[in-house]
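Numbering (full-length UniProt numbering), first residue to last: 1 to 423. Backbone N, C-alpha and C define an ideal beta-carbon position, used for all residues, glycine too. First the structure, in the form of structure tokens, and then the observations on it.
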Amino acid sequence: MQIQIKSGITLTVIPVSQFKNTQVSVHFLEHATKKATSYRSLLANILETSSQKYENQILVSQELSRLYGAGFGTSVMRKQTVHDLAFSLSLPNDHFLEKSDRLLDHGLDFLAEMIFHPLIKNSLFHEQTFQRQQTNLVAYINALKDDKQSYAALQLQQLYFGKDEIQSTPTFGEADQIAQITNQDLFDYYKKVLAHDRVEIFVVGDVNATQIQTIVQKWPLSERFDDNTDISPLSYPEKQIHQKTEVQSIVQSKLDLAYQFPTNFRDSVYYAGIVFNALFGGSPLSKLFLNVREKASLAYYATSNVDVFNGLMIVQTGINAADKEQVLAIVAQQLKDIQAGDFSEDHLAQIKTGLTSNYIASLDAERSYTSRALTNRLVDSQTSTKEWIAAIRKVSHSEIMAVAKQVHLTTSYFLSSEVKEHA
């Protein structure tokens with residue numbers, strides 16, 4: 001059920017009765033920019049830790065305990081060119097308490113407190129809180145350099161997207177930019193978010209929509225007019241091939257590959273693309289897992305994942321540096337085999353069964369309902385569970401071959417433990 005609270009502010013209530021908890025999330029959406037990405041990441045950290053009523057994390061935790069162990073958090077993410085600053089609250093449903101305590105009402109009040117009433121001193125964020133969260137976020141981002149799998153993935157992202165400032169910037173921003181943000185800058189930006197961002201509110205559980213609407217309508221949000229936060233189909237200009245090698249003192253080398261993957265979300269070949277990815281490297285039954293990791297023993301891990309919002313497939317591998325060229329060859333061979341139809345109907349059936357089983361299992365988590373509902377709103381498209389499963393089962397051998405033939409390697413990043421690459 002969708003309820004238009006005001007222009008640019010929508011409440012979506014998803015009535016499901018199988019959960020003992022109620023999930024509430026509030027999403028502030030804007031067209032992403034390089035600068036705003038860093039601002040929003042720092043803002044998320046500050047708004048998660050304190051408010052006027054709950055001046056520190058201890059008081060926040062105590063209030064969550066009073067809400068029968070509710071969980072609260074903020075997050076940032078990006079889908080194509082849309083940046084999402086989100087607040088999430090999960091709390092027990094009143095139906096499962098010994099006595100009705102109007103817990104959802106109290107939970108929504110808590111959420112409003114954390115979003116709209118940050119800890120402010122002298123018309124700025126509390127200075128110690130601001131400095132602490134800024135320092136912590138910069139340290140966290142810098143520490144990612146020590147996680148070589150994440151580091152390699154970020155390097156590949158920057159190499160693939162090149163001069164595209166939005167897509168080449170990590171979702172959580174950049175440490176040097178975050179370090180330069182002033183308290184005044186961030187507070188001014190916070191007011192801009194509240195005034196102008198598109199707002200999507202989702203409630204999942206056995207709840208009364210009218211009750212929620214009555215509360216949300218009182219939140220201090222004015223009308224806003226933003227038509228730049230929808231996800232649109234991409235065009236696929238040919239990309240030049242980019243390669244980069246970096247040498248570090250590490251034990252396990254990382255070879256990451258980026259492929260142009262010309263499939264848009266829910267277009268005519270979307271479901272074939274999902275099945276292709278699972279067959280290629282996106283599942284334990286994939287060719288990369290079975291042939292590169294298990295059979296040839298050339299990788300500690302070898303997986304693929306698809307970003308259908310950006311027409312991108314990424315392969316990540318952990319290897320010995322001396323095996324680089326052999327790994328490149330065998331990964332390329334797996335793609336050629338699928339392009340040639342070299343996979344059995346039994347193997348394909350197992351892949352589809354795995355996909356549908358995972359999809360059904362995901363319905364046991366309230367967050368999956370919120371995630372799908374938000375995506376539906378952004379792409380202006382609805383698909384039921386029954387329709388999704390039917391579409392996956394319908395994908396044919398020839399459709400997978402056709403998708404595979406459109407997949408092209410464009411970028412490789414090699415984080416090597418050796419000074420010289422092996423030919």
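With a contact defined as Cβ atoms closer than 8 Å, Gln252 and Tyr300 qualify at about 6 Å. Exclusion of the five residues before and after Ile3 leaves Thr10, Leu11, Thr12, Val13, Ala209 and Gln213 as the residues of its chain whose Cβ lies within less than 8 Å of its Cβ. Around the C-beta of Asn264, 16 or more other C-beta atoms lie within 10 Å, and the residue is accordingly described as buried. Annotation for Pro92: Lys20, Asn21, Tyr68 and Leu103 place their beta carbon closer than 7 Å to its own, counting only its chain and skipping 5 residues before and after.
Here Lys6 has Glu223 as same chain residues with Cβ atoms under 6 Å from its own Cβ, once five neighbours each way along the sequence are excluded. Its chain contains Ile46, Thr49, Ser50 and Leu119 as the residues whose beta carbon lies nearer than 7 Å to that of Thr129, once the 5 sequence neighbours on both sides are disregarded; these appear in chain order. The criterion of a C-beta distance shorter than 7 Å is satisfied by Ser90 and Gln23. Counting every other CB atom within 10 Å of its CB across the protein chains shown gives Leu363 a total below 16, marking it as exposed. Per DSSP, the continuous beta strand (DSSP E) segment holding Leu29 begins and ends at Asn21 to His31. Between the beta-carbon of Leu42 and that of Gln184 there is about 13 Å, and that puts the pair past the 8 Å contact cut. A direct Cα-Cα distance of roughly 28 Å separates Thr370 from Lys99. If you draw a straight line from the Cα of Gln52 to the Cα of Met114, it is about 8 Å long. Ranked by Cα distance from Val207, the options Leu108, Ser249, Asn136 and Ala139 are led by Leu108. Under the Cβ criterion (8 Å, minimum of three pairs), the stretch 278-294 counts as touching the stretch 331-347. For Asn358, the closest of Val275, Lys295 and Ala296 by C-alpha to C-alpha distance is Val275.
Judged by their CB atoms, Thr375 and Thr169 are not nearer to each other than the 7 Å cut-off. Here DSSP, grouped into helix, strand and coil, assigns Gln131 to helix. A distance of 7 Å or more separates the beta carbons of Ala272 and Val379. The alpha carbon of Ile201 has as its nearest neighbour, out of Ser381, Gln382 and Arg377, the alpha carbon of Arg377. For Lys254, the enclosing beta strand (DSSP E) begins and ends at Ser253 to Gln260. Beta-bridge annotation (DSSP): Thr317 is paired with Leu255 and Ala302.
Ranked by Cα distance from Ala153, the first of Ile351, Leu312 and Glu399 is Leu312. DSSP places Asp267 in the coil class of the three-state scheme, outside both helix and strand. Counting only the Cα atoms, Leu85 lies some 35 Å from Leu288. When DSSP states are grouped into helix, strand and coil, Val407 belongs to the coil group. Sixteen is the threshold: when 16 or more other Cβ atoms of the shown chains lie within 10 Å of the Cβ of Ile400, as they do, the residue is buried.
Just so you know, the alpha carbons of Ile250 and Ser416 end up roughly 8 Å apart. Excluding its 5 nearest sequence neighbours in each direction, Ala302 has C-beta neighbours in its own chain below 6 Å: Leu288, Val292, Arg293 and Thr317, listed in chain order.
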